């Protein structure tokens, strides 16, 4: 997208992507530590909504430097959301942990296969921004599924969160 819309020089594009990846890998664990202290429902919801908004700004910018800064935040949010989800899944009882981690891996791998295929088809047949818009839509549509997963996982947690995971039948 960057090569097609903002900058045609591949060397400059590499200089935008490389630091973004490195900086985000340094920032994501710090944000993950902060999000460990809040309810996973809030953490996943905030990271999904924030990631969607940043992706929207990313595809609507024409400035290379703003794109680079937004890309750092976007990649950081993705890493942070992943850490929040893994943190939640790691608290499941040993009896069910392998099954849940396996399911998470299956869904992640499925997304890694289907995402680029559908994104490429959308890129070729709809527009350059279509894969990103679809990504935003999917990210927002997955929020209720994350909530359902947390409700289903809650009875099988071996550890509780410091805030005592307020996911009771009557309250959220």
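In our numbering, the protein residues as written are 127 to 298. For every residue, glycine included, the Cβ atom is placed at its ideal position computed from N, Cα and C. All figures in this text were calculated on a predicted structure; none of them were measured in a lab.
Checklist entry - Is it the case that the CB of residue 225 approaches a heavy atom of the ligand FMN more closely than 7 Å? => result Absent from the structure shown: the ligand FMN. Ligands present: none.
Checklist entry - Looking at the structure shown, is residue 283 part of a helix, part of a strand, or coil, going by DSSP? => result strand
Item to check | Buried versus exposed call for residue 200 [16 or more other C-beta atoms within 10 Å across all chains shown] | outcome: buried
Checklist entry - Got a sec? Which residues, its chain only, sit under 8 Å from residue 129 by beta carbon, not counting five neighbours each side? => result 136 and 139
Item to check | Backbone CA spacing between residue 193 and residue 184 [nearest angstrom] | outcome: 6 Å
Checklist entry - Are residue 248 and residue 257 touching if we call contact CB-CB under 8 Å? => result yes
Next on the checklist: Tell me which residues share the same chain as residue 255 and place their Cβ nearer than 6 Å to its Cβ, disregarding the 5 neighbours each side in the sequence.
Outcome noted: Counting only residues of its own chain and dropping the five nearest sequence neighbours on each side, residue 255 has a CB closer than 6 Å to the CB of 185.
Checklist entry - Thinking C-beta only, is residue 160 closer than 8 Å to residue 209? => result no
Item to check | Whole-Å CB distance - residue 229 paired with residue 166, under 8 Å assumed | outcome: About 17 Å separates the two Cβ atoms, so there is no contact after all.
Next on the checklist: What residue range does the alpha helix (DSSP H) around residue 213 cover?
Outcome noted: 190-215
Next on the checklist: Quick test of the definition: if touching needs 3 or more C-beta pairs under 8 Å, does the stretch 218-227 touch the stretch 164-180?
Outcome noted: no
Checklist entry - Ends of the alpha helix (DSSP H) at residue 254? => result That residue, residue 254, is in no alpha helix (DSSP H); it is neither H nor E in DSSP.
Checklist entry - Excluding the five sequence neighbours on either side, which residues of its own chain have a C-beta within less than 6 Å of the C-beta of residue 272, listed in chain order? => result Correct list, in chain order: 170.
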